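Numbered continuously in full-length UniProt numbering, the sequence shown closes out at residue 328. We put the beta carbon where it would ideally sit given N, CA and C, even for glycine. Just so you know, these numbers come straight off a predicted model, no measurement behind them. Down below is the structure, laid out as C-alpha cells.
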Amino acid sequence: MNRALTLLRRRLVGSVFVLLIVVIGTFLLLEAAPGDAVDAYIVSTGGDAGMIELLRHRWGLDQSELTRLANYLWALLHLDLGQSVTFSRPIRDVILERLPNTLLLMVSATALSFGLGSALGIYAGARPGSLRDRFLSIGSLALYAVPGFWLGLVLIVVFAVDLRWLPIGGIETLASDKTGLDRAADIAVHLILPVSALGFIYLALYLRMMRAGMAEVWRQDFVLAARAKGLSRRRIVLAHVARNALLPLVTMLGLQSAQMLGGSVVIESVFSVPGLGRLAQEAVASRDTPLLLGIILTSALLVIVINLAVDIAYAFLDPRVGASEAGA
Numbered sequence: 001m002n003r004a005l006t007l008l009r010r011r012l013v014g015s016v017f018v019l020l021i022v023v024i025g026t027f028l029l030l031e032a033a034p035g036d037a038v039d040a041y042i043v044s045t046g047g048d049a050g051m052i053e054l055l056r057h058r059w060g061l062d063q064s065e066l067t068r069l070a071n072y073l074w075a076l077l078h079l080d081l082g083q084s085v086t087f088s089r090p091i092r093d094v095i096l097e098r099l100p101n102t103l104l105l106m107v108s109a110t111a112l113s114f115g116l117g118s119a120l121g122i123y124a125g126a127r128p129g130s131l132r133d134r135f136l137s138i139g140s141l142a143l144y145a146v147p148g149f150w151l152g153l154v155l156i157v158v159f160a161v162d163l164r165w166l167p168i169g170g171i172e173t174l175a176s177d178k179t180g181l182d183r184a185a186d187i188a189v190h191l192i193l194p195v196s197a198l199g200f201i202y203l204a205l206y207l208r209m210m211r212a213g214m215a216e217v218w219r220q221d222f223v224l225a226a227r228a229k230g231l232s233r234r235r236i237v238l239a240h241v242a243r244n245a246l247l248p249l250v251t252m253l254g255l256q257s258a259q260m261l262g263g264s265v266v267i268e269s270v271f272s273v274p275g276l277g278r279l280a281q282e283a284v285a286s287r288d289t290p291l292l293l294g295i296i297l298t299s300a301l302l303v304i305v306i307n308l309a310v311d312i313a314y315a316f317l318d319p320r321v322g323a324s325e326a327g328a
C-alpha cells in the first residue's frame, strides 16, 4: 500500500504540469487558427459591424491573447471552465451532460477489447504455430487494418438496415419514458454496434500482443522447469505463461486510453452518440474556443486518471515497479 501511495503522489505532481502544458498549448494553437466564435456566428445568422463589436466585447474577444489566457488560467484555479458561446450555458454543465455517454462507450469498448482480446491471445498462444494460432493471428491483423468508421458503417448496414436487429444510432430510444432496468436494457441495445465498432479494432491489438508475449515467455527457464516437473499444459499456460505475458497488456491499456478516446470521437459521429466527440465537433463548427478547451482539458484529465489507475495496478502486479519508484 505504501508503494502504491508513493507512486500515486509522484504521478499526481507530474500530472499537474502535464495539464498546464495541455491547457496553454491548446489555447495558443486555437488562437492561432483563423476566425473566432463571432465570425462563425455572423456567417450563420448575419449581422452588422455594431453587432460584431458588441459580441466581441461580450465574449471577451476584444482583449489581448495573453490577457485571455491569464483570465482562463485564473478561472481554472477556481474550477470554472467558463461559459459556452454555442449553448449559452456553463461549460461544466454541458460537459457533464455528455461525459457519461463517452465514458460508457469507452469502458464498454475497453472491457470488450481487453477481455476478449486477452482470452483469444491466450487461446492462440497456448499452442504456438498451430492452425488456430495462425488463423487468429491473420484474422487479428486483418481486423486491425480496418478503419473504425468503415467497420461502423458496415455494422449499421448489416445489423441495423438489412437485418433490422439493432437500432441505427443514438444512446437510447427518444421519448420512450423508460426507467430502471428497462432503460438500462434499451441503452445496452443501442451500445452494441458502437461498442463493437470501437472495441474490435483494439481487440486485435491485445490479441496479437498477448500471443507475442506468450511466445516469448514459453522460452523462459521457469517455463522449461515447470514442464520438466510434469505439470499439465493447462496449468503451465494459465499459471505461468499467461500471467507473465499479461503485464505488457496492462501497460498498453493505459497507453491506448488516449487512442480509445480519440476513436470514440469518430464512432460517436457515425452512430450519433451524444458524447464528448460530437460535442467537440459542434464546438469546432461554431468556433466555441472555451468549450473546446474544456473538452480537451477533460479528455486529458481522463487519460491521466486512467494511466494513474494502470500504474497502480501494475505496481501491485509487479512489486519491482513500485519498489523502484519508491526508491527513486
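Rounded separation between residue i and residue j - CA only
i: residue 267; j: residue 154; result: 12 angstroms
i: residue 23; j: residue 162; result: 45 angstroms
i: residue 309; j: residue 260; result: 16 angstroms
i: residue 21; j: residue 203; result: 32 angstroms
i: residue 99; j: residue 283; result: 15 angstroms
i: residue 256; j: residue 222; result: 30 angstroms
i: residue 76; j: residue 156; result: 41 angstroms
i: residue 11; j: residue 168; result: 41 angstroms
i: residue 29; j: residue 286; result: 16 angstroms
i: residue 14; j: residue 135; result: 43 angstroms
i: residue 296; j: residue 119; result: 33 angstroms
i: residue 188; j: residue 219; result: 43 angstroms
i: residue 145; j: residue 113; result: 15 angstroms
i: residue 217; j: residue 178; result: 50 angstroms
i: residue 197; j: residue 117; result: 14 angstroms
i: residue 307; j: residue 242; result: 22 angstroms
i: residue 165; j: residue 131; result: 33 angstroms
i: residue 124; j: residue 133; result: 4 angstroms
i: residue 126; j: residue 111; result: 22 angstroms
i: residue 160; j: residue 152; result: 11 angstroms
i: residue 237; j: residue 201; result: 26 angstroms
i: residue 63; j: residue 55; result: 12 angstroms
i: residue 33; j: residue 279; result: 19 angstroms
i: residue 195; j: residue 229; result: 44 angstroms
i: residue 115; j: residue 9; result: 29 angstroms
i: residue 103; j: residue 212; result: 30 angstroms
i: residue 25; j: residue 128; result: 47 angstroms
i: residue 74; j: residue 97; result: 24 angstroms
i: residue 89; j: residue 158; result: 39 angstroms
Beta-carbon separation (whole angstroms), residue i vs residue j, contact threshold 8 angstroms
i: residue 245; j: residue 214; result: 4 angstroms
i: residue 108; j: residue 191; result: 6 angstroms
i: residue 105; j: residue 294; result: The pair is not a contact, with the Cβ atoms about 19 angstroms apart (cut-off 8 angstroms).
i: residue 277; j: residue 264; result: 5 angstroms
i: residue 86; j: residue 291; result: 6 angstroms
i: residue 72; j: residue 27; result: 7 angstroms
i: residue 281; j: residue 269; result: 6 angstroms
i: residue 303; j: residue 239; result: Between residue 239 and residue 303 the Cβ distance is about 33 angstroms, and since that is not below 8 angstroms, they are no contact.
Sub-8 angstroms separation of residue i and residue j beta-carbons
i: residue 137; j: residue 288; result: no
i: residue 19; j: residue 313; result: no
i: residue 330; j: residue 210; result: Examination of residue 330 is not possible in this model, given that the chain is present from 1 through 328 alone.
i: residue 31; j: residue 65; result: yes
i: residue 95; j: residue 298; result: yes
i: residue 173; j: residue 186; result: yes
i: residue 79; j: residue 91; result: no
i: residue 121; j: residue 207; result: yes
Below-8 angstroms beta-carbon distance, residue i vs any chain B residue
i: residue 247; result: Here there is only one protein chain, and chain B is not present.
heavy atom of the ligand NAP below 7 angstroms from residue i C-beta
i: residue 308; result: No copy of the ligand NAP occurs in the structure displayed, which carries no ligand at all.
- Message: Does the structure place the region 129 to 143 close enough to the region 230 to 238 that three or more beta carbon pairs sit under 8 angstroms?
- Response: no
- Query: Which runs of the beta strand (DSSP E) spanning at least 3 residues fall entirely within the region 211 to 248, listed in chain order?
  - Reply: none
- Task: Just list the alpha helix (DSSP H) runs in the region 89 to 134, keeping only unbroken ones of 4 residues or longer that don't cross its boundaries, in chain order.
- Result: 91 to 125
- Sequence ranges, alpha helix (DSSP H) only - wholly within the region 242 to 318, length at least 4: 242 to 271, 276 to 285, 289 to 317
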